[in-house]
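A.B. asks: In my numbering, the protein residues as written are 401 to 475. Below you will find the structure I want to go over with you.
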């Protein structure tokens, strides 16, 4: 036998909107952190001399393509 307690909670549209906005902001922070990490990795490769200017440009293009793919997956 289960012990299930059901509660009726009333929520206002403003409360739901606030929760959605908080979730959106959290997602934006997480994406910004990932993007920042990727840019730092690219910068380290370029600064260490592991990539010349042509290779650096190609790394940036590849990263831009990856970001574009991720954006398309969200739609």
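Idealized CB from N, CA, C, for every residue including glycine.
Looking at the structure shown, is residue 405 part of a helix, part of a strand, or coil, going by DSSP?
C.D. replies: Along the chain shown, read from residue 1 onward, the residue named residue 405 stands at position 5. Here residue 405 sits in coil by DSSP.
A.B. asks: Over the uninterrupted alpha helix (DSSP H) stretch that includes residue 410, give me the two end residues.
C.D. replies: To locate residue 410, count along the chain shown from 1; it is residue 10. Element bounds for residue 410: n/a, residue is neither H nor E.
A.B. asks: Can you name the start and end residues of the alpha helix (DSSP H) that residue 474 belongs to?
C.D. replies: Working through the chain shown from its first residue, we reach residue 474 at position 74. Counting along the chain, residue 474 falls outside any alpha helix (DSSP H), and DSSP gives it neither H nor E.
A.B. asks: Check whether the stretch 433 to 453 and the stretch 408 to 420 are in contact - that is, three or more C-beta pairs closer than 8 angstroms.
C.D. replies: Too few Cβ pairs lie closer than 8 angstroms, so no.
A.B. asks: Between residue 418 and the rest of its own chain, which residues show a CB-CB distance below 6 angstroms, the 5 nearest in sequence each way excluded?
C.D. replies: For the purposes of this step, residue 418 is taken as residue 18 along the chain shown, with counting starting at 1. Taken in chain order, the list of residues that qualify is empty.
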